[in-house]
Structure formats: C-alpha cells, structure tokens
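Step one of this worksheet: look at the structure below.
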Amino acid sequence: MLGKGVVGGGGGTKAPKPSFVSYVRPEEIHTNEKEVTEKEVTLHLLPGEQLLCEASTVLKYVQEDSCQHGVYGRLVCTDFKIAFLGDDESALDNDETQFKNKVIGENDITLHCVDQIYGVFDEKKKTLFGQLKKYPEKLIIHCKDLRVFQFCLRYTKEEEVKRIVSGIIHHTQAPKLLKRLFLFSYATAAQNNTVTDPKNHTVMFDTLKDWCWELERTKGNMKYKAVSVNEGYKVCESSVKLKDAVFAHCYVLSVTRWLASKRSSINRRQKEKPHLYLEGDLRQFGLPAYFVVPTPLPEENVQRFQGHGIPIWCWSCHNGSALLKMSALPKEQDDGILQIQKSFLDGIYKTIHRPPYEIVKTEDLSSNFLSLQEIQTAYSKFKQLFLIDNSTEFWDTDIKWFSLLESSSWLDIIRRCLKKAIEITECMEAQNMNVLLLEENASDLCCLISSLVQLMMDPHCRTRIGFQSLIQKEWVMGGHCFLDRCNHLRQNDKEEVPVFLLFLDCVWQLVHQHPPAFEFTETYLTVLSDSLYIPIFSTFFFNSPHQKDTNMGREGQDTQSKPLNLLTVWDWSVQFEPKAQTLLKNPLYVEKPKLDKGQRKGMRFKHQRQLSLPLTQSKSSPKRGFFREETDHLIKNLLGKRISKLINSSDELQDNFREFYDSWHSKSTDYHGLLLPHIEGPEIKVWAQRYLRWIPEAQILGGGQVATLSKLLEMMEEVQSLQEKIDERHHSQQAPQAEAPCLLRNSARLSSLFPFALLQRHSSKPVLPTSGWKALGDEDDLAKREDEFVDLGDV
Amino acid sequence: MRNLRFALKQEGHSRRDMFEILTRYAFPLAHSLPLFAFLNEEKFNVDGWTVYNPVEEYRRQGLPNHHWRITFINKCYELCDTYPALLVVPYRASDDDLRRVATFRSRNRIPVLSWIHPENKTVIVRCSQPLVGMSGKRNKDDEKYLDVIRETNKQISKLTIYDARPSVNAVANKATGGGYESDDAYHNAELFFLDIHNIHVMRESLKKVKDIVYPNVEESHWLSSLESTHWLEHIKLVLTGAIQVADKVSSGKSSVLVHCSDGWDRTAQLTSLAMLMLDSFYRSIEGFEILVQKEWISFGHKFASRIGHGDKNHTDADRSPIFLQFIDCVWQMSKQFPTAFEFNEQFLIIILDHLYSCRFGTFLFNCESARERQKVTERTVSLWSLINSNKEKFKNPFYTKEINRVLYPVASMRHLELWVNYYIRWNPRIKQQQPNPVEQRYMELLALRDEYIKRLEELQLANSAKLSDPPTSPSSPSQMMPHVQTHF
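Sequences listed follow chains A and B, in order.
If you're matching positions, the first sequence starts at 10 in this note's numbering and goes up one per residue.
If you're matching positions, the second sequence starts at 31 in this note's numbering and goes up one per residue.
If you want it as structure tokens, here you go:
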C-alpha cells in the first residue's frame, strides 16, 4: 500500500524546502498528515520521488464556457511527473473528486504520459526537443492519455523558464536506461509498504501451477502439457548476453543521437532508420519461465532455436480445438541451415497436424494481415483528432469529422482485427480446427488476436479477474514488448506502436455492443489504458518476463539482495478508493447461473459427437485435403519466403465466415456463451469516453450514458435496501443500516464526461458551433432553388 | 403506405393484376379512391383528437396575458388559409393591423406567438418571409408590428430575427418577391441567417442516405460515405439553429422571430425543437403530441405535399423529408439526454411509420382548413388514439421529470449519429438488441422493487397483527415502521 500522505494530500512538508526531500520515508509522511491545512498547495511526492526543477508564477489555461482564463501556480518536474500546483483546487465538486486517482492528480502528468511538447513563439506553435536557443512564452503539452495542457510562461522569471523547459524536455524526451525508471526508485523506497491486495485473484502465470490451472480450466490438459524447460530462462540464456549487449549499444546510440539533436535540429526520425533494423533482427522471442506445448512435442526441441518455431498453447475450446502461436525462425541465407530449419519445422508440424483428429490451420499474422507500421500511422493520425488546443480547432475539424476519422483508418483497423478474430473463432468453433498463429516474434498481433478470440469464446475472460488473467497470460507473459511499444525509455520512436491500446479499443467495441456480457465497464478500460503510463506498476514496464526477472534480482547472481517487490496494476486499490472502484464494475453484468446436471450432460454429449465425426467435417471443405501442400506452406512462411498469399481459397473463407457471422447474429445473444461483435460500418464506433473526455466542447451537460447508468445504480441501491429490510424483518433484528456506497447518488446533473470531466462549465450556456457550412458541391443548383415554384410577386 | 425507400422488399415476380391492385391501393388518390384512413374502422378506448386543444395549450403557457391576446380573426381561414383558426398576437395589434401585415408576409403567414417563457416573458414568434422583392419594398405596418412584438417585453432593446435560410437564398428570394428584414427598415431588430438548406437539398441528402444503407451497408468507407450524404450536417445545422433560438429566449436577452420562406418547413423545425429544449412539458408523451399537433399540423406543414400520401408521382419536387428530419433531431436529443424524455425510440418510429401509412388521419392534408373541409376528425382515427391507448409500450423507463430544465444538445459531429434503428432497421445484419439491455435490466429491477415493496407491506401487515400480542423479541417493530415508506 502507498503511504497515506500520498493519498491525503499535503503530506511530506515537514522539511522547509520540499525540493530537497528526496527520499521521504513513508513513516514520515504519516506523521505529517495533520498539517494539511496549509494554504499553499504543496507538492505530493511518492516514496522515492525527487523534485528536479520548478518554476513559479506559471499560468495554466483553463477552458470554461468557450473562453480561456488562467490559474497561477507552480510548475514542477520530478523524476516521476510534471505537476502544476495551482491556487484553486477548491472548486471541485464532491462527486467528481470521488473518482480521484490516488497516484496521479488532476494536474499531474507522469513523464511517460507526455506525448509531444510544443512551445509557442510569437503566436507560432513549434515542437520542442533537444537544446533550445530560445525559450517559448507558452508551453503546450500533449499527453498520451489525450489531455492537453497549456502553460503560459510570460510572467515567470527567465532563469526559471530555462530550467523548467529544458528540464521537462530532458526528462521526458532523453533516452533512459531501464534501471533508471522511476519504477525502481519507487520500489526501493516503498519496499516495506507494498502489500498486494488479498482479494486480487488475478492469475499471474508466473508459476507452473498457474498454467496447469488454466489447462485444467479449459480442459486442454488432454493434449497439452505445461513445461518448465525455460525455468531460470535457460532456453533464452544463450542469447541473453547478446541481447544485453545490443541493448547497451542501443542506448549509447540513442543518447548520441539525442545529443546530436541538441546541436542540430535535423529530423530525428530520418537518422534512426538504419538502427531500427539492427534491433529488430536481434530481438529475441521472450518466452516466459513456464508455458504450455503440445504433449507429443519433445522438450529438447524447444531449446533448439531458443523457443522459435515452437507451437505455444494459448487456449483450448470446449470442443477440444486449441489456439496456438509460434514465432518465426531466424532468417538464414545459408542453404544448409535452411535445410535444417525445414526439416525441423516439418517434424514440428507432424506432431501437431495429425488428420483426421487434429487438423491445424495456420494463420500468418506477419504477412497477410496488418502491419505494425499501419497501426502506428493510423493511431498517430487518429489521436490528433482529439488533441485539441482550442475551441476554434474543435469546430473547424467538426465539419470534416467523418472523413478525418476515416482517413486515419483507425476504426478500419479495429474492424479488421475483430474480423480476423471472428474468422479464427469460426475455424475453432464451427470447423473444430486448431489454429496456429504465426508472427515474427509472436508478441504483437499474436497477443492481440489470441486475446480477442478468447474474449469472444470464453466467458471467463469477460469477468474482471478473467480479463486481467488474460492480459497476464497473453500480453505480459506472452512477451509483448511494452517498454518498446510504449516507448517508455524514449530510445526509439519507431518502435512505438499502440498494439495494446488497439486491443483495448477492440474490447471496448465488444463492451459497447454487448454491455451485459462483461463484468467490467468502459471506465475500467479507460483507466487501464491510462495505467500504461504510470511507472509504479511493473505490469507494463518490461519487454518480457525474462527482462523483468533479470532486473528484479530474482535470478541466481542477485540472491544476496532482497528481490524488489513491484506493484501490479491489478491492485486497483493503489489508484482508487473503494467507492471509486464501483465505477469499474458493470451493474448490468449478471454472473453465470449454475448449470443443472441435465444441461451439462447434454453439452458434453454434443462435444463428444463433434469429436467423433471429424471426417464429415473435412468433407465440407475438400481443399483442406492437401495436407502436404500446407506443410510446405507453413515452412515457407516461417522461413520468410512468402510465396502464396492465402491458404484457403478466399471465397470459401468468406462464405464460411459470412454464414457463421450471420447465423450467430440472427439468434438471441447468450451473454455467457460465444460472443461476436458487429463489424458493419455504423457499428464500429469511436471510444468516446477515452477520446472525448477532456474536450469541454464535447460535453453534454446532464446527459450522456452516465444519466441512465446513475438511474440504474440508484434503482439497484433501492432494491438492495428493500431486500435488506425484508431480511431484517425475517430475522426480526435491526441490522446496521449500511448505506451502499454509491458514487452517483444525488447527481442528476452529471455531464457526459463523467467520471473524467474535471474541467467544469458552471453555467448552462450551450456550446455553439463557430464555423459554418461546407460547400455542397454538386448540390449547389438544388440549394439555389426555391422551396415552392410559385411566384410570390403578385401575392 | 410504407416509405418504399426503406420499407418492404420489392415484389419479385408478381402478376400483372397483382401489380395493378397494388398500385391502385398503394396510390389511391391517383385512382380516385379514398385514403385508407377514411375506411379504417379501428376503435380505441382513447380519442386522440382531443389531445390538442389550442385554447388549453395557450392557457398552460399563461396566455392570454397583458401583452398577448387570443384572436379568432382566422376563424374561417380568411386571413390566412394555411394557419390555424386560433392565433395568439400582441395585445396592442388590432385585427386591422393584422390584415395589413398579412399583405406583406408571404401567403399571409403573419408573425404569431408560438411559445412564451414563463418567467422572463420573452417569446418565440413564427411567420413567413416579408415580401420585400427586388425593389426593396417596405411596409410600415409590418415594421410597427414587429416593434410591438419587441415591446411586449419592456427590458429588451432588440428583437432577434432568425432567418433559417442561408443568406444567399434569402437574397435570391427577392427575385420572386420575397426577401428578409433589412436593417434600414427594421431598426430595432437584429437579423441572423441560420444556413439551413431547402427541401430539395434535404430530399437529395436522404436519397443518398438510402443509397449507402440499402440494400447493403457500406463497410470500409462507411464514414466518408456517410459524410458525403450531408444528412448529419443538415441535422447539425437545424439543431444549432434551434439551440440559438432557445438560448436567446432562455437567457431573457431577446424575443425571437423565426421564419424561412413560407414558414412551414424549416420554421416549424426550429420553433418546435427550441420549444422542446425550453419546455419540459413537450418532452412527455402527450406534450410531444401537442407539440406536433400545434407547430406542425395546425400551422400548416404541408404533410400531403411533402409526403405525397396516396399519390403515385414519387418524383414530385414538393416531397421532402422535413418532418422526418425533425424527428431525427428529436432522436439525437433523446440519445444525448436519455433520461429527459418520457417517450422512447419506438414512439418516434411509430410516428414515422404512420406518417406514411395513411392508417390514421393525423398527418393527412396540408393544413387545418383542408382537414376541416374533409372532416378528418370525424371520419378518421387519430394516431394518438393508438399510442395513448397503449402508452406503456412507448415509455422510457429512465424518464426523470425535471421541470424548468433547458436541454442544450451538443450539435457536434462527434455526437451526432445516423439513426441506425430507423434507417437501417430492414437490414438483418444490423439487428439491434431489442429491447436494449440496459433498459431490460432496469425493468427487471423495477419489477423486483415492486415485488419487494409488496412483500414488505405484507410483512408489515403480519407484523402489525402480531403487535396486538405482546412482542416476544427484544427489538421493537415500531422502530422499523417509519423507515418503510421513506424511500419513495
């Protein structure tokens, strides 16, 4: 748990100059709790957090009623965050402060959350980086959680401006070493305080037991086994040293580059190009310590190519078909080695593809699906639509909104991901096939697609614990390179691809379309996406479990020192009070009713029948008969020589997909069964809560989804209290009148931005579009026509 | 009659006589047959024709008062044949004044009151365009009349005029004798153009919407196709205009006069939407019926021409989905404020279905005088009879009555959506969950609550029966008693 001082606010002020309180012990914070009554807003420091620089009389722009005004305060930069300490924090409504994040305040930006920094020089906005010759009069910070901060520095002393601006630029943009992440200073300082939430049952998948449990749960243990061959990362070890060397090399390179950019303002991106490929080639597949493989697979095979080319189990379906993933073998030029690789893969393939009982379909996500580049480009266009500096910009883009949205292709990418997941679901569910996902490193789109398939097929993944376990299994243990993909170390902008965010957006589409199917809310997804940038949780700050364990001193060489105990993001009590946490729980979700025995029997019977009739299955698609050809195809794929584009003929695939999709949607939805999203044009929407939440113009005062939600919660509360009363009467006893905590109580006038709208509009003035009509084009002649063709002249 | 654009699939291989019968009954007017509404013998236990009584409605608004009077000058539709018989005009304007003003307003549609603010007494007044013409004619009576309207509220120095048209169109209208109020002639008025396009633009826009949703829904280029229809842009402009009207009146800054060309299309949209934003009464089921009956039906929105009931000439340039557009705007509002309206989406859809169906007399004919001639209220059934006799079906369970609350929707593309449940409802792939799960869950809870209340009451009865005996348990039941009802 965090020190209370952090939560209560105003702690850590005993020392006269808080700027030098570097390692405040949590106990000290406790004793200072009562001194909160100070007028000046004080800086709250987390354990281990250090103040780096500050500037006073900074003016923060606040947008209200489509005009801007300023609040004076102090702008500080620590090794954890940029914070603005303003004068008027009192104005906040009670209802709104209840959803306060305990770690990140309204005016706090963690260093990792900073996206772009702009300076305004003589009314001109310029991106700031490197060493500045001139200091701006205004600082605009675009955040990764889409907040936009504007600070006016006109009234600040020149020296302070220099210090704060260069400080902020340095600490947010200069490449960092992993060990210098705030994560470590925090963990060291808060060592004794970290207690994991006992109620948190998220399966972490860091033990063999967890994998066995998952195998058991999905009935996958018949054909798959959990292995500990990589315990202590023996398999990966061989390449670790190389990787570390590369890592250090990268750091040196990026620092040099960054220093160079201080001298000249040559476009950084251009300089980075040759470097990227070097790193990409050498990055290895980060296998976790424990994982699951097909039972017949010999364990020594795993070691052969450091885990590459090995089918790794993700999940098993009720009908026995499984979802597997595999990373590609290293690309080789030498014919001899190619031959060895080929026969190796051939062997592997024979162990998993054993018709008629085990049919495997390969799905190459590296070649005929999305590229990471596409995702990166799309998101960088998409996010710009929401990083809005002022009202004029909002209304100017409003006219072209739909075409701007479309040209970003973000929604289309979401659609393609959902569609791919449905296709795979169809193969597993309707055709009883195993599906093997292929990707270069099996750690980007593999994570995305396999998690989506599981969300659609496995209702357990739609509970909060199940969803968290899924992310642990597929993303954290699956070796998704969070560090690189979020660019936490600022070492390579090109590696920054919001794959995980794309996943959350896909999940949001499902949540939005089928609200009763999920135990968590969209607010949960939004705060989860924000948690990507809070470096006190280890969850999203490593590239692989191996990297984490190496750096936590859990390995052999570090046995002397006590291993650091890092927080996991799943301990939501670190960020939110219990009251606020109620907003993460979906009131519409009803737990699965227990099946009675008769039903269960019926299900199992059906299951067996499907298993015993594989021949009729394959009859339906004769093209799958050419197994030999498919083996070849797999090998070609894995060797990087992609000749043929598709395995199945695309027509057949489309037909199967359409039939499956349409028949599912024509039936009524079982929220505890298979769940498919709609993917037609109008059904894929913008995740308004995440993307519009900071934009005052988009605020519907007293409206939005939250209006119905609060009615629903009120009603639930009422029903609950009635039930208590009835129970009371039955037991003829006065139970203590515990009022159910309800955040939304008495709040008929919440805005659509709730719970994120800390920007306020006090008056109820409407927001009016400021820009007019776009040319109608070909309809011009119509527009000029009269409504009626009667000449009014003589009326 | 269903709107063929969206309604039923085409008959595939029908025989010729089948086709003939179909066309004859689908377009009865073209075959000198009566509309079905006149043959319909449905009976309902509620009479929808009594829903709207103009005198009662004006009385609800606090009229007549010192400044406004009810006039019967148009009793026989002599002053204006497309206006209702009963009008509310400034107290200080005599009937002769009205007659003179009528000569200067297109189709004699003089400025009359639509709505008055209960507190600040500013008003929404509607009319048609002034007959300025190329030569820039002026009319002292009209100028004086507008000033009288302004003066009904003493504090106000200017009357705000919203001309719904784009300014180019307003100027162009001069060529056909129309125009707008110029600054020179109307010193105490401020004129704003709201840039809403005419019926032809709207018709073409809706046609484009049809093209992208029927028979197949565009997939990959959905958003740009949607944008290219301009439908939501039009919605945005109509809403923006109405917000401006509502804001002016609500802030008490000024009374508002709204007109377009004839004052029966865009004007009706603006006044009725502004009234919906300002007056929570219109957000109830009956209130909304009254609003439609008043601002649309009685003030002569040309339903017969715009819809073309029973007429086979489907390319008629008079047709335009103006009323549909209004309902779409209402839907957008109800989407943004899900607890503010007593009615649900089904209510809006059924109104639209019967806008085309001719099963009821409600939307037949162009104006009140025509309806009176045809004895519509005697010979046909009102749509409101159907709805009001089965109100539960059209109720929004989340409705929270809030008096005096002004609703300002956000007229931004970020919030406007295509009304999928209406426009794409015939596409089996876009099947929306019915009923909506949030609503369903809420209804379950409501039922549960009622059950618990019942059970509590029973327990209470049983307990009070026990009370006559000396209580055996230490806890006293009387302590619990007062709690029971406090929550409701």
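Each residue gets a CB set at the ideal place from its N, CA and C atoms; glycine is no exception.
Closest Cα partner of residue i within the set the options
{"i": "Val369 (chain A)", "options": "A:Arg699, A:Ala331, A:Phe546", "result": "A:Ala331"}
{"i": "Arg172 (chain A)", "options": "A:Leu60, A:Lys135, A:Trp673", "result": "A:Leu60"}
{"i": "Tyr472 (chain B)", "options": "A:Asp117, A:Lys228, A:Val599, A:Phe395", "result": "A:Val599"}
{"i": "Ala589 (chain A)", "options": "A:Phe765, A:Trp410, A:Ile480, A:Gln522", "result": "A:Phe765"}
{"i": "Leu385 (chain B)", "options": "B:Gln366, B:Trp449, B:Ile352", "result": "B:Ile352"}
{"i": "Ser478 (chain A)", "options": "A:Tyr299, A:His555, A:Gln312, A:His210", "result": "A:His210"}
{"i": "Leu447 (chain A)", "options": "A:Ser412, A:Tyr358, A:Tyr81", "result": "A:Tyr358"}
{"i": "Tyr482 (chain B)", "options": "A:His362, A:Ala298, A:Val728", "result": "A:Val728"}
{"i": "Ala132 (chain B)", "options": "B:Leu59, B:Asp111, B:Pro148", "result": "B:Asp111"}
{"i": "Gly134 (chain A)", "options": "A:Trp322, A:Cys455, A:Asp124, A:Pro145", "result": "The question names Gly, but residue 134 (chain A) is Lys in the sequence shown. Minimum Cα distance to Lys134 (chain A) is reached at A:Pro145."}
{"i": "Leu541 (chain A)", "options": "A:Thr119, A:Pro184, A:Glu737", "result": "A:Thr119"}
{"i": "Cys426 (chain A)", "options": "A:Arg83, A:Glu733, A:Ala198, A:His687", "result": "A:His687"}
{"i": "Leu306 (chain A)", "options": "A:Gln315, A:Gln732, A:Phe314, A:Ile319", "result": "A:Ile319"}
{"i": "Tyr188 (chain A)", "options": "A:Lys793, A:Phe550, A:Trp410, A:Thr386", "result": "Position check: residue 188 (chain A) holds Lys in this sequence, whereas Tyr was assumed. Cα-wise, what sits closest to Lys188 (chain A) is A:Phe550."}
{"i": "Asp292 (chain B)", "options": "B:Thr369, B:Gly282, B:Asn203, B:Lys240", "result": "B:Asn203"}
Own chain partners of residue i with C-beta closer than 7 Å, once the 5 adjacent residues on each side are dropped
{"i": "Gly475 (chain A)", "result": "His469"}
{"i": "His445 (chain B)", "result": "Gln366"}
{"i": "Tyr121 (chain B)", "result": "His96, His97, Trp98, Arg99"}
{"i": "Leu224 (chain A)", "result": "Asn230, Tyr233, Ala235, Val301"}
{"i": "Asp47 (chain B)", "result": "none"}
8 Å Cβ cutoff met for residue i and residue j
{"i": "Val275 (chain B)", "j": "Leu300 (chain B)", "result": "yes"}
{"i": "Phe191 (chain A)", "j": "Asp88 (chain A)", "result": "yes"}
{"i": "Phe669 (chain A)", "j": "Glu435 (chain A)", "result": "yes"}
{"i": "Ser547 (chain A)", "j": "Thr591 (chain A)", "result": "no"}
{"i": "Lys69 (chain A)", "j": "Val85 (chain A)", "result": "no"}
{"i": "Val118 (chain B)", "j": "Val142 (chain B)", "result": "yes"}
{"i": "Ile191 (chain B)", "j": "Leu221 (chain B)", "result": "yes"}
{"i": "Tyr222 (chain A)", "j": "Val212 (chain A)", "result": "Correcting the residue type first, residue 222 (chain A) is Trp in the shown sequence and not Tyr. Yes, they are a contact pair."}
{"i": "Asn12 (chain B)", "j": "Asn466 (chain B)", "result": "Outside the shown range of chain B, which is 31 to 518, sits residue 12 (chain B), and nothing can be said about it."}
{"i": "Leu189 (chain B)", "j": "Ser124 (chain B)", "result": "no"}
{"i": "Ser314 (chain B)", "j": "Glu372 (chain B)", "result": "yes"}
Neighbourhood of residue i by C-beta, 8 Å cutoff - its chain only, sequence neighbours within 5 removed
{"i": "Val85 (chain B)", "result": "Ile100, Leu116"}
{"i": "Glu564 (chain A)", "result": "Residue placement at Glu564 (chain A) cannot be trusted, given a pLDDT of 44 that sits under 50; what the coordinates show is reported in the next sentence. Gly241, Tyr242, Asp558."}
{"i": "Val238 (chain A)", "result": "Val244, Glu308, Val311, Gln312"}
{"i": "Val16 (chain B)", "result": "Nothing can be reported for residue 16 (chain B): it is not among the residues displayed for chain B, which extend from 31 to 518."}
{"i": "Asp348 (chain B)", "result": "Ile229, Lys332, Ser335, Arg336, Gly338"}
Contact test: residue i Cβ vs the ligand COA heavy atom, cutoff 7 Å
{"i": "Glu132 (chain A)", "result": "As for the ligand COA, it is missing from this structure, which has no ligand bound."}
Beta-carbon contacts of residue i that lie in its chain and below 6 Å, excluding the five residues immediately before and after
{"i": "Leu791 (chain A)", "result": "none"}
{"i": "Cys290 (chain B)", "result": "Ala194, Arg195, Arg296, Thr297"}
{"i": "Arg272 (chain A)", "result": "Because Arg272 (chain A) carries a pLDDT of 48, less than 50, the predicted location of this residue cannot be relied on, and the following value inherits that uncertainty. Hits under 6 Å: none found."}
{"i": "Leu519 (chain A)", "result": "Pro686"}
(request) Give, in chain order, every residue of the segment 716-738 of chain A whose Cβ lies closer than 9 Å to some Cβ of chain B. (result) Ala716, Thr717, Leu718, Ser719, Lys720, Leu721, Met724, Met725, Glu727, Val728, Ser730, Leu731, Gln732, Lys734, Ile735, Glu737, Arg738
(request) Check whether the segment 440-456 of chain B touches the segment 315-331 of chain B, taking contact to mean three or more Cβ pairs, one atom from each stretch, closer than 8 Å. (result) no
(message) Please list, in chain order, the residues of the segment 272-304 of chain B that have any C-beta partner in chain A closer than 7 Å.
(response) Ile273, Gln274, Asp277, Ser291, Asp292, Asp295
(request) Residues of the segment 143-158 of chain B with a CB closer than 7 Å to any CB of chain A: list them in chain order, please. (result) none
(request) Select from the segment 354-367 of chain B all residues with a C-beta closer than 8 Å to any C-beta belonging to chain A, and list them in chain order. (result) Gln366, Phe367
(request) Inspect the CB distances between the segment 255-270 of chain B and the segment 709-720 of chain A and report whether three or more fall short of 8 Å. (result) no
(message) Contact between the segment 148-158 of chain A and the segment 380-396 of chain A is defined here as three or more beta-carbon pairs at a separation below 8 Å; is this criterion met?
(response) yes
(message) Whether or not the segment 548-557 of chain A and the segment 715-727 of chain A are in contact is what I'm after, with contact meaning three or more pairs of Cβ atoms, one per stretch, closer than 8 Å; do they touch?
(response) no
(request) Taking a Cβ distance cut-off of 7 Å, strictly less, list which residues of the segment 59-75 of chain B are near chain A, in chain order. (result) none
(message) Along the segment 705-716 of chain A, where does the CB come closer than 9 Å to a CB of chain B? Name the residues.
(response) Glu706, Ala707, Gln708, Ile709, Leu710, Gly711, Gly712, Gly713, Gln714, Ala716
(request) Check each residue of the segment 665-680 of chain A: if its Cβ is closer than 9 Å to any Cβ of chain B, include it; give the result in chain order. (result) Tyr670, Asp671, His674, Ser675, Ser677, Thr678, Tyr680
(request) Assess, as a yes-or-no matter, whether the segment 375-384 of chain A is touched by the segment 415-432 of chain A under the definition of 3 or more beta carbon pairs within less than 8 Å. (result) yes
(request) Could you tell me whether the segment 211-220 of chain B touches the segment 167-185 of chain B, using the rule of 3 or more Cβ pairs below 8 Å? (result) yes
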